[in-house]
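Student: Top to bottom, those sequences are chains A and B.
Going from the first sequence to the numbering used here is simple: count from 1 and add 71.
Going from the second sequence to the numbering used here is simple: count from 1 and add 62.
Please read through the structure below; I'll follow up with questions.
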Amino acid sequence: GDSVTQMQGQVTLSEDDFLFINCTYSTTWYPTLFWYVQYPGEGPQLLLKVTTANNKGISRGFEATYDKRTTSFHLQKASVQESDSAVYYCVLRNNNNRIFFGDGTQLVVKP
Amino acid sequence: GPKVLQIPSHQIIDMGQMVTLNCDPVSNHLYFYWYKQILGQQMEFLVNFYNGKVMEKSKLFKDQFSVERPDGSYFTLKIQPTALEDSAVYFCASSTGLGSAETLYFGSGTRLTVL
Chain A
72 GDSVTQMQGQ VTLSEDDFLF INCTYSTTWY PTLFWYVQYP GEGPQLLLKV
122 TTANNKGISR GFEATYDKRT TSFHLQKASV QESDSAVYYC VLRNNNNRIF
172 FGDGTQLVVK P
Chain B
63 GPKVLQIPSH QIIDMGQMVT LNCDPVSNHL YFYWYKQILG QQMEFLVNFY
113 NGKVMEKSKL FKDQFSVERP DGSYFTLKIQ PTALEDSAVY FCASSTGLGS
163 AETLYFGSGT RLTVL
């Protein structure tokens, strides 16, 4: 069945470090891929989404490329800030409109 | 961006009681969802709802659970009776449509504690 895999449970960085959060997916057709961010005490909010294979989504300094060849949608940011500390979810929505969340990656950014 | 409001933010009840969680979705949205998140764990789909009907539900959506949106007011999740394992944060979400490119907008959640 369809699924999303985030291997990193937690990533700890210092301010201005480069961020890379791994996400791979499995599905039959062409999904839409999302990154959601969840701050403490809040619900997940959309960070970026990409609907077309081989396109890149960019938002607030974050970017992710929908790579159909490697079935990946890794999240990157050149320089993280303490305010980026949150849980990041990679999410897939397939052609049957079913939604699959990854397990989430807790990002901790130290000042 | 669009806001989904959830009331209350916290609810504490005794096991066996009934509880109703309320969600005020984005005004022009037609599709509604409930998700469950146990502290520190992943988001788990419960149910989605459109045009007065449950469209899809997961195994977590037990017989004790029900959803409705009477006359376009709050979208509600009712649990009757509650059990200890129902303690979690419940997130409501809504979207304009059901297409694969549609974005879900989430509320801030209701933390339910069953004693």
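Note that the Cβ used here is the ideal one computed from N, Cα and C, for glycine as well.
Values in this document were obtained by computation on a predicted structure and should not be read as measured data.
Could you tell me whether the region 95-106 of chain A touches the region 154-174 of chain A, using the rule of 3 or more Cβ pairs below 8 Å?
Tutor: Short answer: they touch.
Student: Return the residues of the region 109-132 of chain A that lie within a Cβ-Cβ distance of less than 8 Å from chain B, sorted by chain order.
Tutor: Listed by position along the chain: Gly112, Glu113, Gly114, Pro115, Gln116, Leu117, Lys120 and Thr122.
Student: In angstroms, rounded to a whole number, what distance separates the CA positions of glutamate 164 (chain B) and threonine 123 (chain A)?
Tutor: As a position in the second sequence, residue 164 (chain B) is number 102, starting the count at 1. As a position in the first sequence, residue 123 (chain A) is number 52, starting the count at 1. Cα-Cα distance, rounded: 13 Å.
Student: Whole beta strand (DSSP E) runs in the region 79-152 of chain B with 3 or more residues, listed along the chain?
Tutor: For the region 79-152 of chain B, whole beta strand (DSSP E) runs of length 3 or above, ordered along the chain, are 81-86, 93-99, 106-112, 115-119, 127-130 and 137-141.
Student: Anything in chain B within Cβ reach of threonine 176 (chain A), meaning under 8 Å, just list it in chain order.
Tutor: Here residue 176 (chain A) corresponds to residue number 105 of the first sequence, with the count starting at 1. Within 8 Å Cβ-Cβ: nothing; threonine 176 (chain A) doesn't reach chain B, min ~11 Å.
Student: Using 8 Å for Cβ pairs, my map puts proline 111 (chain A) next to tyrosine 160 (chain A). What's the rounded Cβ distance?
Tutor: Within the first sequence, residue 111 (chain A) is the residue found at index 40, counting from 1. Within the first sequence, residue 160 (chain A) is the residue found at index 89, counting from 1. Proline 111 (chain A) to tyrosine 160 (chain A), Cβ: 14 Å. No contact.
Student: Would you kindly work out how many angstroms separate the C-alpha atoms of serine 97 (chain A) and aspartate 138 (chain A), rounded to a whole number?
Tutor: For this step, residue 97 (chain A) is matched to residue 26 along the first sequence. For this step, residue 138 (chain A) is matched to residue 67 along the first sequence. Whole-angstrom Cα-Cα distance: 12 Å.
Student: Quick check: what's the CA-CA separation for glutamate 130 (chain B) versus glutamine 77 (chain A)?
Tutor: The sequence position of residue 130 (chain B) within the second sequence is 68, counting from 1. The sequence position of residue 77 (chain A) within the first sequence is 6, counting from 1. Distance between the alpha carbons of glutamate 130 (chain B) and glutamine 77 (chain A) is about 34 Å.
Student: Distance, Cα to Cα, lysine 120 (chain A) vs valine 162 (chain A)?
Tutor: Here the question's residue 120 (chain A) lines up with position 49 in the first sequence. Here the question's residue 162 (chain A) lines up with position 91 in the first sequence. Spanning the two alpha carbons is a distance of roughly 9 Å.
Student: Report the three-state DSSP secondary structure of aspartate 88 (chain A) (helix, strand or coil).
Tutor: What you label residue 88 (chain A) is simply residue 17 of the first sequence in a count that begins at 1. Coil at aspartate 88 (chain A), not helix or strand.
Student: Starting from glutamine 68 (chain B) and walking both ways along the beta strand (DSSP E), at which residues does that stretch end?
Tutor: Translated into the one-based positions of the second sequence, residue 68 (chain B) becomes position 6. Where glutamine 68 (chain B) is concerned, the enclosing beta strand (DSSP E) stretches over 67-69.
Student: Within 8 Å of any Cβ in chain B, is that where the Cβ of arginine 140 (chain A) sits?
Tutor: In the first sequence, residue 140 (chain A) corresponds to position 69, counting from 1. Answer no: the Cβ-Cβ gap between arginine 140 (chain A) and chain B never drops below 8 Å.
Student: Give the single residue among B:Leu108, B:Ser71 and B:Ser149 whose Cα lies nearest to the Cα of lysine 121 (chain B).
Tutor: Position 59 of the second sequence holds residue 121 (chain B). For lysine 121 (chain B), the nearest C-alpha among the options comes from B:Leu108.
Student: Inspect the beta-carbon positions of glycine 152 (chain A) and valine 179 (chain A) and report whether they are closer than 8 Å.
Tutor: Walking along the first sequence from the start, residue 152 (chain A) turns up at place 81. Walking along the first sequence from the start, residue 179 (chain A) turns up at place 108. It should be pointed out that residue 152 (chain A) corresponds to glutamine in this sequence rather than to glycine. Their beta carbons are not under 8 Å apart, which means glutamine 152 (chain A) does not touch valine 179 (chain A) by this criterion.
Student: Tyrosine 93 (chain B) to proline 87 (chain B), Cα distance in whole Å?
Tutor: Locating residue 93 (chain B) in the second sequence gives position 31, counting from the first residue. Locating residue 87 (chain B) in the second sequence gives position 25, counting from the first residue. Near 9 Å, if we compare the C-alpha coordinates of proline 87 (chain B) and tyrosine 93 (chain B).
Student: Using a Cβ cut-off of 7 Å, pull out every chain A residue sitting near glutamine 104 (chain B), in sequence order please.
Tutor: Position 42 of the second sequence, counting from 1, holds the residue named residue 104 (chain B). Correct list: Phe172, Asp174 and Gly175.
Student: Can the beta-carbon of serine 170 (chain B) be found less than 8 Å from the beta-carbon of serine 71 (chain B)?
Tutor: Sequence index remark: in the second sequence, residue 170 (chain B) carries index 108 (1-based). Sequence index remark: in the second sequence, residue 71 (chain B) carries index 9 (1-based). Yes, the pair counts as a contact, with Cβ atoms nearer than the cut-off.
Student: What does the alpha-carbon distance come out to for the pair phenylalanine 153 (chain B) and phenylalanine 89 (chain A)?
Tutor: Here residue 153 (chain B) is taken as the residue at index 91 of the second sequence, counted from 1. Here residue 89 (chain A) is taken as the residue at index 18 of the first sequence, counted from 1. If I take the Cα positions, the gap works out to 31 Å.
Student: Quick check on serine 162 (chain B) - is its C-beta less than 8 Å from some C-beta in chain A?
Tutor: Residue mapping note: residue 162 (chain B) aligns to position 100 of the second sequence, counting from 1. Taking Cβ atoms only, chain A reaches closer than 8 Å to serine 162 (chain B), which makes this a yes.
Student: Run down chain A in chain order and give the residues with a C-beta less than 9 Å from the C-beta of glycine 114 (chain B).
Tutor: Counted from its first residue, the second sequence places residue 114 (chain B) at position 52. Those within 9 Å of glycine 114 (chain B) in chain A number zero; the least Cβ separation is about 18 Å.
Student: What three-state label does DSSP hand aspartate 76 (chain B) in the structure shown?
Tutor: Looking up residue 76 (chain B) in the second sequence gives position 14. If DSSP states are grouped into helix, strand and coil, aspartate 76 (chain B) belongs with coil.
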